[in-house]
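Numbering (the numbering used here), first residue to last: 2 to 112.
As structure tokens, then:
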């Protein structure tokens, strides 16, 4: 299993609960426009996936290079399916050269 999927699964009480994810990272100076293009393509494709509740990118109001991705899934299986899509792979490859380091990830449980 993908290490990130394992990390996320380890924080869920079971695989059937709805949950959210919060990713944060910083974009390299001069790469913001390329990131926006990649993010829009990923968002458009991901929002059509079964089991996706929402998938949205945001910018920090104080730092235009800091982005946040908020996403929510009906269950863990939906996220596993997302990781198997071509648009997930493409976005992952594109964004590696656009951001500084790896993003931080928080798992959020539904109330």
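Quick reminder that beta carbons are idealized off the backbone N, C-alpha and C, glycines included.
Small disclaimer: the values here were computed from a predicted structure and weren't measured.
If you check the CB distance, residue 22 and residue 106 come in under 8 Å. Residue 20 has its alpha-carbon roughly 17 Å from the corresponding atom of residue 58. For a cut-off of 8 Å, the C-beta gap from residue 100 to residue 28 is around 5 Å, short enough to register as a contact. In the DSSP assignment, residue 37 falls within the alpha helix (DSSP H) that extends over 33-47.
Residue 18 sits in coil when the DSSP states are folded into three classes, being neither helix nor strand.
By the Cβ-count criterion, residue 55 is exposed, with fewer than 16 other Cβ atoms from all chains shown falling within 10 Å of its own Cβ.
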